[in-house]
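Asks: Pasting in a structure now, in structure tokens, and then I'll have a few things to ask.
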């Protein structure tokens, strides 16, 4: 149903390191970091779910003076980092990282794989310096496209059995309203959402026709309509 989307935005790499996400998430996350933190010469960075290490390598290439650590739980990272951890993110992992506080933590497309987002955000807050920044992303199950999928497939775009099988275990959906409660509870005061990753134009003609029909029939009654397929947050 979304072969066209997969072909256009999935399966890319950075210097031979596979990007295990929609490449636009990496691009947007990198642009946010460059715009807001790029002027800082020396900071401590943690890529908490590094995968192959594609995003961490991109940061290391662009900011050679930054100290970059990675959590390589699946032991797939091919980059050379100052520190490599192998942490279970469903546990109290902050206790296992001693002596280091971070200016920046990056958590790209990991929240939906975890059993307890509340525990995850609490531990990230503990690892950040008082003025530290978290860049975190997760699928948005509240977009118009996802609402169409609920009607036609019984689940949002990146979840259900297909999301579990094709995305290495999407098990926890965290809509925007819930994410804000989780982040606030963890101690984050400022939560900024960026609205620029839209998968609807990339879908096949049959799916787009379904969306067009449902938008005409039900669109007028839907609240908080948006086109985000991925939510990208900056938290501090």
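In this note's numbering, the protein residues as written are 1 to 236. Here a beta-carbon is modelled for each residue, glycine too, at the ideal position from N, C-alpha and C.
Do you know how far the Cα of residue 97 is from the Cα of residue 63?
Replies: Approximately 23 Å, taken between the alpha carbons.
Asks: Within 10 angstroms of its Cβ, does residue 57 collect 16 or more other Cβ (buried), or is it exposed?
Replies: Classification of residue 57: buried, given that the 10 Å Cβ count is 16 or more.
Asks: Within its chain, find whatever has a CB closer than 6 Å to the CB of residue 20; leave out the 5 residues flanking it on each side and keep chain order.
Replies: 51.
Asks: If you check the beta carbons only, do residue 106 and residue 69 fall under 8 Å apart?
Replies: No, Cβ-Cβ distance for residue 106 and residue 69 is not below 8 Å.
Asks: Using only alpha-carbon positions, find the residue among 113, 126, 27 that is nearest to residue 169.
Replies: Per the Cα distances, 113.
Asks: What is the DSSP secondary structure of residue 71, counted as helix, strand or coil?
Replies: Strand, per DSSP.
Asks: Span of the alpha helix (DSSP H) holding residue 150?
Replies: Residue 150 -> alpha helix (DSSP H) spans 144–153.
Asks: When you compare only the Cα positions, how much space is there between residue 67 and residue 171?
Replies: Cα to Cα, residue 67 sits roughly 32 Å from residue 171.
Asks: According to DSSP, simplified to helix, strand and coil, what is residue 119?
Replies: Helix, per DSSP.
Asks: Let me know the secondary structure DSSP gives residue 38 once reduced to three states.
Replies: Looking at residue 38 - three-state DSSP - the assignment turns out to be coil, as it is neither helix nor strand.
Asks: Report the three-state DSSP secondary structure of residue 233 (helix, strand or coil).
Replies: It is a strand residue.
Asks: For residue 135, which three-state DSSP category applies?
Replies: Strand.
Asks: Given a cut-off of 8 Å on the beta-carbon distance, is the pair residue 143 and residue 226 in contact?
Replies: Going by C-beta atoms, residue 143 is nearer than 8 Å to residue 226.
Asks: Start and end of the alpha helix (DSSP H) containing residue 178?
Replies: Taken as a continuous stretch (DSSP letters only), the alpha helix (DSSP H) holding residue 178 covers 176–186.
Asks: So, at 8 Å on beta carbons, what are the nonlocal neighbours of residue 183 in its own chain, with the 5 sequence-adjacent residues on each side left out?
Replies: Result list for residue 183: 121, 191, 233, 235, in chain order.
Asks: List the DSSP bridge partners of residue 106.
Replies: Paired residues: 47, 135.
Asks: State buried or exposed for residue 65, treating a residue as buried only when at least 16 other CB atoms are found within 10 Å of its CB.
Replies: Counting Cβ neighbours within 10 Å, residue 65 comes out exposed, since fewer than 16 surround it.
Asks: Alpha carbon to alpha carbon, what distance is there between residue 92 and residue 185?
Replies: Rounded to whole angstroms, residue 185 to residue 92 spans 16 Å at the Cα level.
Asks: Taking only the alpha-carbon atoms, compute the straight-line gap between residue 188 and residue 135 and give it to the nearest angstrom.
Replies: If you take the alpha carbons of residue 188 and residue 135, they lie about 12 Å apart.
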